[in-house]
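Going by the working numbering, the residue at position 40 of the sequence shown is 552; the numbering climbs one at a time, nothing skipped. What follows is a set of notes on a single structure, which appears directly below.
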Amino acid sequence: MLRSRTVTATVTAVVTAATATAARRGCAMAEGPVARAIRAKLQAALEPTHLQVVNESHRHTGPAGAESHFAVVVVSERFGGLPLLQRHRLVHAALRAELAGPLHALAIVARTPQQWLDDPAVPPRPACLGGSQREHRGA
Numbered sequence: 513m514l515r516s517r518t519v520t521a522t523v524t525a526v527v528t529a530a531t532a533t534a535a536r537r538g539c540a541m542a543e544g545p546v547a548r549a550i551r552a553k554l555q556a557a558l559e560p561t562h563l564q565v566v567n568e569s570h571r572h573t574g575p576a577g578a579e580s581h582f583a584v585v586v587v588s589e590r591f592g593g594l595p596l597l598q599r600h601r602l603v604h605a606a607l608r609a610e611l612a613g614p615l616h617a618l619a620i621v622a623r624t625p626q627q628w629l630d631d632p633a634v635p636p637r638p639a640c641l642g643g644s645q646r647e648h649r650g651a
């Protein structure tokens, strides 16, 4: 019984430390207030069958823990029969306040449930080339 408590305490400590580290780095493991708002608003507006909200701010220049760059994967029946541009407009409409404020960049994958079943692969996003990184690459 004592060993079980020790293992449980150790696992809890490791998970807590990992979550804190993720939050400091702005990783997706720990959702901050902007990520939670994005998730809640997309759930309410689009009733997705699948939703991923990924904070990619740690891949870009800016302070640790920033919530400025996100990628979302939204699978919803609401996208049926709509062209890609209209799907993106629905996502943008749901996140109007965030896009006007803290959100600097948003990558969107918007599919119907059938499209998601046919191809659940999400295309990779390019590395950040903003700020000083662009200068170092000679762009």
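Just so it is clear, CB atoms sit at the ideal spot from N, CA and C, and this is done for glycine as well.
Residue environment, residue i, which counts as buried when at least 16 other CB atoms sit within 10 Å
i	result
PRO560	buried
HIS562	exposed
HIS581	buried
GLU579	buried
ARG623	buried
DSSP beta-bridge partners of residue i
i	result
VAL621	VAL585
GLN564	VAL585
Which listed residue (the options) has its alpha carbon closest to that of residue i
i	options	result
LEU558	ALA549, ARG571, ALA542 and VAL586	VAL586
PRO614	ASN567, ALA556, ARG623 and GLN555	ASN567
ALA547	LEU629, LEU618 and PHE591	LEU618
PRO625	ARG601, SER588, GLU543 and PRO595	SER588
Beta-carbon contacts of residue i that lie in its chain and below 6 angstroms, excluding the five residues immediately before and after
i	result
ARG571	CYS640
ALA540	No answer about ALA540 holds up, because its pLDDT of 45 lies below 50 and its placement is not dependable.
ARG551	VAL565
Cβ-based neighbour list, residue i, same chain, cut-off 8 angstroms, excluding 5 preceding and 5 following
i	result
LEU602	ALA557, LEU558, ARG590, PHE591, LEU594 and ALA622
Own chain residues within Cβ distance below 7 angstroms of residue i, not counting five before or after
i	result
VAL634	VAL585 and VAL621
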